[in-house]
Amino acid sequence: MTMKYIRARPYDYQFEPDKTAVMLVDFQKDFLYSGGFGESLGNDVSLLQRAVEPTKRVLKASRDHGLQIFHVREGHKPDLSDCPISKRTRGNFEKRIGDVGQMGRILVRGEYGHRIIDELAPIDGEMIIDKPGKSAFYKTNLAEELDQKGIRYLIFTGVTTEVCTLTTVAQANDHGYEVLTLEDCVGSYKPDLHEAALKMITSQDGIFGWVTESKELLKSLIV
Ligand code: TIU
15 MTMKYIRARP
25 YDYQFEPDKT
35 AVMLVDFQKD
45 FLYSGGFGES
55 LGNDVSLLQR
65 AVEPTKRVLK
75 ASRDHGLQIF
85 HVREGHKPDL
95 SDCPISKRTR
105 GNFEKRIGDV
115 GQMGRILVRG
125 EYGHRIIDEL
135 APIDGEMIID
145 KPGKSAFYKT
155 NLAEELDQKG
165 IRYLIFTGVT
175 TEVCTLTTVA
185 QANDHGYEVL
195 TLEDCVGSYK
205 PDLHEAALKM
215 ITSQDGIFGW
225 VTESKELLKS
235 LIV
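Taking the working numbering, the leading residue of the sequence shown gets 15, the next gets one more, and so forth.
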């Protein structure tokens with residue numbers, strides 16, 4: 015298949031659609047809605063909404079154009095055996111991972127809060143990667159699944175920008191993927207850290223990869 019080009023920072027990004035996966039990182043009720051993990055950490059969860067509509071458009075276009083789609087979720091087994099004590103006990107918060115919140119047990123697999131938001135819900139044939147950590151590569155089969163599908167290019171959307179998205183982008187870079195992050199499809203509780211994360215990706219002429227707006231990806235898919 016022919017190479018496609020996207021206007022991006024620090025310079026144009028090239029990709030082959032049949033070797034590309036679009037990643038949706040942690041678009042879960044636990045992070046975007048009130049009463050979940052994000053709010054339990056003291057955050058204003060409404061700040062993440064900005065990423066939903068643009069990501070919905072990317073998801074639709076990716077489905078229409080046959081790109082591989084990987085949904086990622088952060089969460090733990092009900093017995094919390096995959097949750098380090100440090101993760102559960104850090105910080106001075108009223109509710110912690112595993113405690114019962116307004117959307118069920120916080121950040122626990124199978125609970126309502128762990129689900130992906132309805133607007134971006136997976137459909138049959140799309141991969142779902144459950145991870146216990148911030149990186150989608152840590153203690154998951156993501157690298158094997160990508161290898162099996164012959165993927166070389168990863169295009170990222172997700173929340174939060176500087177935590178699970180950046181951690182995964184950085185590791186994807188170590189795995190050798192060509193990584194593009196869509197800046198309007200990532201969101202953070204911390205606008206200054208959102209900006210810093212995007213700067214980190216593109217600094218040093220793309221130390222972790224490229225950044226652009228979703229409209230540039232959409233344009234490239236229709237030509
Ligand atoms: N707290 C925060 O900003 N993020 C996380 O804990 N996980 C993800 O980013 N998904």
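Using N, Cα and C, we set each Cβ at its ideal position, and we do this for glycine too.
What you are looking at is a predicted structure, and each value in this text was computed from that prediction instead of being measured.
State yes or no: is the C-beta of Thr174 nearer than 8 Å to some heavy atom of the ligand TIU? Yes, the beta carbon of Thr174 sits closer than 8 Å to at least one heavy atom of the ligand TIU.
Can you give, in chain order, each stretch of the alpha helix (DSSP H) that sits fully within the segment 143 to 205 and has at least 4 residues? 156 to 162 and 180 to 189
Distance check for Thr34 and Lys18, CA to CA, integer angstroms please. 11 Å
So the beta strand (DSSP E) Val122 belongs to, where does it begin and stop? Unbroken run through Val122: none, as it is neither H nor E.
In this structure, does DSSP put Met103 in helix, strand or coil? For the sequence presented, residue 103 should be read as Thr rather than Met. In this structure, Thr103 counts as helix in the three-state DSSP scheme.
CB-CB under 6 Å to Leu180, same chain, minus the five flanking residues each way: which ones, in chain order? Same-chain partners within the cutoff: Ala211.
Can you tell me which of the three DSSP states Glu241 falls into? In the structure displayed, the chain extends from 15 to 237; residue 241 sits before or after that span and is not available.
When DSSP builds the beta bridges, which residues end up paired with Thr34? Tyr167
Going along the chain, which unbroken runs of the beta strand (DSSP E) with 3 or more residues stay wholly within the segment 33 to 84? Counting only runs of 3+ residues, the beta strand (DSSP E) found wholly inside the segment 33 to 84 occupies 34 to 39, in chain order.
Please determine if the segment 193 to 210 and the segment 166 to 183 are in contact, where contact requires at least 3 C-beta pairs separated by less than 8 Å. yes
Mind checking whether Val36 and Val72 have CB atoms under 9 Å apart? yes
Secondary structure at Ile20, three-state DSSP: helix, strand or coil? strand
Once the 5 residues before and after Glu133 are set aside, which same chain residues still bring their CB inside 6 Å of it? Val66 and Lys70
What do you reckon, are the CB atoms on Pro31 and Cys199 nearer than 9 Å? No; because the gap between Cβ atoms is not below 9 Å, this pair is not in contact.
Can you grab the Cα-Cα spacing for the pair Lys153 / Ala186, in whole Å? 14 Å
In angstroms with no decimal places, state the Cα-to-Cα distance between Ile20 and Pro92. 42 Å
Nearer than 8 Å: is that true of the beta carbon of Leu55 relative to any heavy atom of the ligand TIU? yes
What residue range does the beta strand (DSSP E) around Gln28 cover? Tyr27 to Phe29
Taking all protein chains shown into account, do 16 or more other C-beta atoms lie within 10 angstroms of the C-beta of Ser202, making it buried, or fewer, making it exposed? buried
Chain-order list of residues whose beta-carbon lies under 6 Å from that of Asn57 (same chain, five-residue window excluded): Tyr203
Just verifying my parser: in three-state terms, what is the DSSP assignment at Gly220? Gly220: helix per DSSP, three-state reduction.
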